[in-house]
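Protein chains in written order, with our numbering: chain A, 2 to 136; chain B, 2 to 136. We put the CB at the ideal spot given by N, CA and C, even for glycine. Written below as structure tokens is the structure these notes are about.
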């Protein structure tokens with residue numbers, strides 16, 4: 002047993018977090034965590050990332066309901082990457098409707114081939130609410 | 002089939018590359034690739050990373066002989082992360098002597114617990130050659 006400090010500074014406050022299905026071993030996605038998202042992930046038992054595009058914490062599954070329940074949290078030798086083994090609520094983690102974000106295989110000619118079946122229809126899961134009309 | 006451009010620019014020229022054992026599904030490590038290391042990985046069929054600390058391409062297993070043979074290369078929905086399914090030559094990928102770099106579990110109290118057995122003795126694998134005496 003040893004105490005560990007995650008090295009958030011190496012990459013400007015963020016570490017990559019690999020999300021793996023704890024039963025199948027399939028890699029589902031990769032996100033980034035800052036110190037606050039790791040703390041809240043540990044506290045709540047559900048995965049939160051730091052969204053680089055939105056520049057804020059975001060709970061995975063916030064809009065889709067497809068949350069990721071933490072089953073095990075692992076850290077690598079240099080303490081600058083995380084492996085989060087999860088139980089995924091819902092049919093998939095990818096906003097394009099696939100179980101895993103890694104649904105494309107890179108072929109030798111540089112093209113990408115979709116090798117998975119769609120698990121859900123993103124347009125129904127991520128349907129935007131109509132904006133409230135202002136009076 | 003679609004053409005794909007890996008988005009190296011989002012993170013300053015580098016994308017995270019998850020290394021997964023193609024048979025067991027175990028996640029072995031995470032490294033970073035730039036455009037040149039991905040090209041050379043594809044050309045040679047063995048994994049090369051861009052070493053952030055050394056600021057250059059580095060073939061995984063260069064000194065240990067524990068190279069990673071590419072079995073499948075996958076790309077995520079945003080084309081900014083790679084999943085490399087490999088066959089690992091040698092007993093482990095970690096410079097600390099473990100099969101996987103993720104040999105520690107993060108406990109609820111913030112400590113890290115080693116949950117794997119050492120697969121090899123790093124001091125014999127990474128033994129430095131004696132510097133050649135100059136005349």
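At least 9 Å separates the CB of residue 34/A from every CB of chain B. Close partners of residue 106/A in chain B (Cβ separation under 9 Å): 73, 74, 75 and 76. Annotation: residue 43/B to residue 96/B spans about 24 Å, alpha carbon to alpha carbon. At a cut-off of 9 Å between beta-carbon atoms, residue 8/B makes no contact with chain A. One finds 17 and 31 in chain A with Cβ atoms closer than 7 Å to the Cβ of residue 17/B, taken in chain order. Annotated as proximal: residue 36/A and residue 14/A, with beta-carbon spacing under 9 Å.
The straight-line gap separating the alpha-carbon atoms of residue 105/A and residue 4/A is approximately 38 Å.
Per DSSP, the continuous beta strand (DSSP E) segment holding residue 58/A begins and ends at 57-60. Residues of chain B with a Cβ closer than 8 Å to the Cβ of residue 126/A do not exist, since the nearest Cβ in that chain sits about 14 Å away. Between residue 100/B and residue 21/B, the alpha-carbon positions lie close to 11 Å from each other. Per DSSP, the unbroken alpha helix (DSSP H) holding residue 44/A starts and ends at 36-45. One thing to note: residue 41/A has its Cβ no nearer than 9 Å to the Cβ of residue 70/A. Residue 28/B has a beta carbon lying within less than 9 Å of a beta carbon in chain A. In the displayed model, residue 94/A falls within coil according to three-state DSSP, outside both helix and strand.
Annotation for residue 124/A: no beta strand (DSSP E) segment contains it, though the alpha helix (DSSP H) segment containing it runs 123-126. By the neighbour-count criterion, in which 16 or more other beta carbons inside 10 Å mark a residue as buried, residue 61/B falls on the buried side. In the structure shown, residue 65/B adopts coil according to DSSP, grouped into three states.
At least one C-beta of chain B is nearer than 9 Å to the C-beta of residue 53/A. Only residues of its own chain outside the window of five on either side were considered, and among them 19, 21 and 75 have a CB closer than 7 Å to the CB of residue 84/B, listed in chain order.
Residue 103/B and residue 79/A have their C-alpha atoms spaced approximately 10 Å apart. With distances taken between CA atoms, residue 54/A lies nearest to 33/A out of 45/A, 65/A, 64/A and 33/A.
Look at residue 4/B here: in three-state DSSP terms it is strand.
The residue from 26/A, 123/A, 39/A and 64/A with its alpha-carbon nearest to that of residue 86/B is 26/A. DSSP, reduced to helix, strand and coil, places residue 112/A within a strand of the structure shown.
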